[in-house]
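Here the protein sequences come in this chain order: A and B. For the first sequence, the working numbering gives the first residue as 104, with consecutive numbering after it. For the second sequence, the working numbering gives the first residue as 26, with consecutive numbering after it. C-beta atoms are modelled at their ideal positions from N, C-alpha and C, and glycine is treated no differently. Please read the structure below before turning to the comments.
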Amino acid sequence: MIDNILDLPVGARPDSDEFVRAAMEWHFNPETGSAYWLRRAKTLDFDPRADVKSIEDLALFPNIINELRDVRVEDLIPRGYGPNPDVVGVYESGGTTGAPKRVVVLRDWWDRIMAWMNAGLDAAGFPRNVNWLAVMPSGPHIAGELTTKHAADRGGIRFAVDMDPRWVKKLIAAGKAEEADSYAEHLVEQAAFVLRTQDVGVIMTTPPLLERIARHDDLVDLINEKVEGIVWGGAHMDADTRYLYRTEVFPGVRLRGGYGSTMILGGTNERADLTDDDPCIFDPPAPFITFRVVDPDTDHSVGYGERGQVVMNHVSKNMLLPNNLERDLATRVEPPAGQAGDSVADVSPVARFDDEAVIEGVY
Amino acid sequence: MTDPIYIDALGANGSYRARSRLTVSDVAGDPLVELSLVPKLFVSRTMSALRKADTLPLEERLAALAKAGELFATGVVDGMSAADYQYTVSRMSGTPLPIVREAVQAIARSAADAYRSAQQARPVGAVNDWRDPNARRGTATWIRRGDVFAVHAAGNHPGVHSLWLEAIALGYRVAVRPSRREPLTPYRLISALRASGFGDDQIVLLPTDYAAADEILRQADLSMVYGGQEVIDKYAADPTVLPNGPGRSKILITADSDWRDHIDMIVDSISHQGGTACVNTTAVFVEGDPTPVAEAIAERLSAIPSLPPEDDKAVLTAYSLEAAKKIEGYLLAKAAGTKTHLGGDGVVDELADGSAVLRPAVHQLDDPFAEQAGVELAFPCVWVAPWTREAGTAVFKDTLVLTAVTKDERLLDDLLADPTIKNLYIGDHPTYWMAPGVPHDAYLGEFLMRTKAVIRD
Chain A
104 MIDNILDLPV GARPDSDEFV RAAMEWHFNP ETGSAYWLRR AKTLDFDPRA DVKSIEDLAL
164 FPNIINELRD VRVEDLIPRG YGPNPDVVGV YESGGTTGAP KRVVVLRDWW DRIMAWMNAG
224 LDAAGFPRNV NWLAVMPSGP HIAGELTTKH AADRGGIRFA VDMDPRWVKK LIAAGKAEEA
284 DSYAEHLVEQ AAFVLRTQDV GVIMTTPPLL ERIARHDDLV DLINEKVEGI VWGGAHMDAD
344 TRYLYRTEVF PGVRLRGGYG STMILGGTNE RADLTDDDPC IFDPPAPFIT FRVVDPDTDH
404 SVGYGERGQV VMNHVSKNML LPNNLERDLA TRVEPPAGQA GDSVADVSPV ARFDDEAVIE
464 GVY
Chain B
26 MTDPIYIDAL GANGSYRARS RLTVSDVAGD PLVELSLVPK LFVSRTMSAL RKADTLPLEE
86 RLAALAKAGE LFATGVVDGM SAADYQYTVS RMSGTPLPIV REAVQAIARS AADAYRSAQQ
146 ARPVGAVNDW RDPNARRGTA TWIRRGDVFA VHAAGNHPGV HSLWLEAIAL GYRVAVRPSR
206 REPLTPYRLI SALRASGFGD DQIVLLPTDY AAADEILRQA DLSMVYGGQE VIDKYAADPT
266 VLPNGPGRSK ILITADSDWR DHIDMIVDSI SHQGGTACVN TTAVFVEGDP TPVAEAIAER
326 LSAIPSLPPE DDKAVLTAYS LEAAKKIEGY LLAKAAGTKT HLGGDGVVDE LADGSAVLRP
386 AVHQLDDPFA EQAGVELAFP CVWVAPWTRE AGTAVFKDTL VLTAVTKDER LLDDLLADPT
446 IKNLYIGDHP TYWMAPGVPH DAYLGEFLMR TKAVIRD
């Protein structure tokens, strides 16, 4: 029975509490749980199999995400997968706050989440049988792998540009904005080679790179001519920017956002049928991935329409990553009917107009 | 306040009301303005349109400038009368209404005079056009260093918007990022310029948050920014950015002159226009005992009334109570260990509407090199220090305006020669003195223009 509910497709809507209980049984049963969680369970002041009965109860867990910087990846694989688990890959977090955190993605989860994301692309009218150009973090980052799979599953070829976001962050932190700038222009140049010579139907990139691409009139023309859809992710896009793309820059191109994280082993889809004035709203595939928007000082949920910090849960047969407070701020939005947890909108860093401290001088 | 005033971005395709907006309140904290904040994509597309745009021919643009100045000062712009505009600016920025009125007149004069004023910076060897007869013998011509000029404006005083009009007169396309404290003046001025003949792609208003602000500078050929020391340091090594920072203006009275003959000028230099300009005096240096000078200044400044900014007799700039307390806290921390003549119990004076003015502060230092002499705050706040021959000109390093009351010509030669003292006024001239055609911090034209050799048949 346990296996059944955990093996449902991501699009299915099992009872979320029943699902969580099954997942606790899987991850904390000595027969099936991972070495990491079985070891970690000994230091918890509760018994997950007895005490975690609902999505809400996931908040009992400490945020273990930083431990993923050091754990042996083999220890993260549930024993229930047997001696030869089908490992798709090991993926790492951005690594912007020190050593990277690692997760292991197994075949069953990967196929499920990708099928769900594919269905989202179909629903949004994205074409099949076209080639993809990925200008996304490559290497150990999950985003690059995702585009390979998308293109293949949807009947196309993937073109890619190498991108190392950690190096960019390092340059910016060291005050070398000009070098970061040159690197970004280098990426755009690489993308341009593909755009000029190949058939590209879908581009997947980040909002900052899309902005750079949009500065080049010739590339804007090429995209309007060839490309049918743009998927963006990995950073934030406000409603004004989206409106400008849709009305002025890429008027005939479908634009769709994804909000994801390596730490949830995937992403979410932008809600379909949003109006120009709506913010970008993301609905996670609950109960596998759930969000909670909280006031970080009290850990209580903020009201709908209010801003707070995003807490993410990933619960699957593949992994258990509960109660992870991310740095992103978002507006709490009511989830689709019958879905557990929160949806999120306007995910962004804190807006800042000027430095608020007293500055000498009169300006 | 029922209906907010919308300040939209003025982009290359007309005005744009963003979904992302900042509510700007008046000094009492009541919401007054909804300021649209445009994203980086809007900025880069607008800057790109500025770059592709034409420049209006000289005669046309000077006529449009003069007309716009008049419209700005007296007309109805975007549905708002001149009187409503002045009142709103006063309530929003806390700038006393009489000062707003003067600044508006000054902007209109600058608009009419911008080209003539800019021409003062043209080298004597340069002409404006290859058609000039001098070109047959060979000459320098005066040309723009670029086409697109950006301004990160300040909101401390509407008058800051008179300077960039020279760039317009010289043929630049201009992008202005308004200050959050007072975005209405550049909105009105740019609306007036557009209504008078300038194209939407020739002059733009780009209100942005912090993240997109640098993009404006990055895509401009040349820029002017206003800010504190941090901003000055940030752009110090960038030859395309002209920073306007703290003025730290000062007055020196040497022993050969009697300070009593100049007390009006001294007090006026400190408090003129509410003490919020970079040309207001921050420190007074006295050769001999500074105590009686400090006492006299304190006595005079204490008579200034505390009035709401929209009052016809208002002198002091109003702030939100919170902002006022923040500045007061900063002052009290900096003033520790100095001798207080005025403002020792605090300078915040709360007004009936919940806003506050900062009342004058006078502190005496015992060392000419005390660091406080460079602490410039945006209200009548002065540091009175002793000056000695040994201290010499070194204490005046990084001064926007120095008024020197002295008969010592050798000293005046040294002060004039020091390039870190930007302006030198000799005798009974207040530090805030300015006149069209006389540079404020060198001529803007020195930054905007260069020479090119031309010889023709």
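Quick one: list the residues of chain A neighbouring residue i, beta-carbon separation under 7 Å, in chain order.
{"i": "residue 296 of chain B", "result": "Near residue 296 of chain B there are no residues of chain A at all, since even the closest Cβ is about 14 Å away, more than 7 Å."}
{"i": "residue 63 of chain B", "result": "343"}
Are the C-beta of residue i and some C-beta of chain A separated by less than 7 Å?
{"i": "residue 345 of chain B", "result": "no"}
{"i": "residue 45 of chain B", "result": "yes"}
{"i": "residue 26 of chain B", "result": "Low confidence applies here, because residue 26 of chain B scores a pLDDT of 46, under 50, leaving its location unreliable; read the following figure in that light. Output row for residue 26 of chain B: interface = no."}
For residue i, which residues in chain A fall below 8 Å Cβ to Cβ?
{"i": "residue 67 of chain B", "result": "343, 344 and 347"}
Quick one: list the residues of chain A neighbouring residue i, beta-carbon separation under 9 Å, in chain order.
{"i": "residue 73 of chain B", "result": "318 and 320"}
So which residues on chain B does residue i lean against when the C-beta distance must stay under 7 Å?
{"i": "residue 314 of chain A", "result": "65, 66 and 69"}
Using a Cβ-Cβ distance under 7 Å, would residue i count as near chain E?
{"i": "residue 170 of chain A", "result": "Among the protein chains of the structure shown, namely A and B, there is no chain E."}
In the DSSP assignment, find the unbroken alpha helix (DSSP H) run with residue i in it and report its ends.
{"i": "residue 115 of chain B", "result": "107-118"}
{"i": "residue 221 of chain A", "result": "210-226"}
{"i": "residue 344 of chain A", "result": "342-347"}
{"i": "residue 133 of chain B", "result": "122-144"}
{"i": "residue 119 of chain A", "result": "119-131"}
{"i": "residue 245 of chain A", "result": "245-256"}
{"i": "residue 153 of chain A", "result": "151-154"}
Tell me where the beta strand (DSSP E) around residue i begins and ends.
{"i": "residue 415 of chain A", "result": "410-418"}
{"i": "residue 260 of chain A", "result": "First-last for residue 260 of chain A: undefined, no H or E at that position."}
{"i": "residue 310 of chain B", "result": "306-312"}
{"i": "residue 230 of chain B", "result": "228-230"}
{"i": "residue 272 of chain A", "result": "Taken as a continuous stretch (DSSP letters only), residue 272 of chain A belongs to no beta strand (DSSP E), being part of the alpha helix (DSSP H) at 268-276."}
{"i": "residue 479 of chain A", "result": "Outside the shown range of chain A (104 to 466) lies residue 479 of chain A, about which nothing can therefore be said."}
{"i": "residue 78 of chain B", "result": "Element bounds for residue 78 of chain B: n/a, residue is neither H nor E."}
{"i": "residue 46 of chain B", "result": "46-50"}
{"i": "residue 429 of chain A", "result": "423-436"}
{"i": "residue 56 of chain B", "result": "56-61"}
{"i": "residue 114 of chain A", "result": "Here residue 114 of chain A belongs to no beta strand (DSSP E), and DSSP marks it neither H nor E."}
{"i": "residue 235 of chain A", "result": "235-238"}
{"i": "residue 75 of chain A", "result": "Nothing about residue 75 of chain A can be read from this structure; chain A reaches only from 104 to 466."}
{"i": "residue 229 of chain A", "result": "From DSSP, residue 229 of chain A is part of no beta strand (DSSP E); its letter is neither H nor E."}
{"i": "residue 449 of chain A", "result": "446-451"}
Does chain B have any CB closer than 7 Å to the CB of residue i?
{"i": "residue 454 of chain A", "result": "Only weak support is given to the placement of residue 454 of chain A: the predicted model assigns it a pLDDT of 48, under 50, and the value that follows is read from those uncertain coordinates. It does; some Cβ of chain B falls within 7 Å."}
field: beta strand (DSSP E) segments (min. 3 residues) lying fully within the stretch 165-216 of chain B
entry: Counting only unbroken stretches of 3 or more residues, the beta strand (DSSP E) elements lying wholly within the stretch 165-216 of chain B are 173-177 and 198-202, in sequence order.
- prompt: Mind listing which residues of the stretch 366-382 of chain A have their C-beta closer than 9 Å to chain B's C-betas, in chain order?
  reply: Here the close residues are 379, 380 and 382.
- request: Give, in chain order, every unbroken run of the beta strand (DSSP E) that is at least 3 residues long and sits entirely within the stretch 281-338 of chain A.
  value: Counting only runs of 3 or more, we get 305-308 and 332-335.
task: Let me know the beta strand (DSSP E) ranges lying completely inside the stretch 402-478 of chain B, each 3 residues or longer, listed in chain order.
output: Given a length threshold of 3 residues, each whole run of the beta strand (DSSP E) inside the stretch 402-478 of chain B is given here in chain order: 406-412, 424-430 and 446-451.
Inside the stretch 244-315 of chain B only - alpha helix (DSSP H) runs reaching at least 4 residues: Listed in chain order, the complete alpha helix (DSSP H) runs (minimum 4 residues) inside the stretch 244-315 of chain B are 254-260 and 288-296.
query: Hey, which unbroken runs of the beta strand (DSSP E) at 3 residues or more fall wholly within the stretch 331-366 of chain B?
result: Segments of the beta strand (DSSP E) lying fully in the stretch 331-366 of chain B: 343-345.
field: Ranges of the beta strand (DSSP E) found wholly within the stretch 370-397 of chain B, counting only runs of at least 3
entry: Runs of the beta strand (DSSP E) inside the stretch 370-397 of chain B: 373-375, 380-383 and 386-389.
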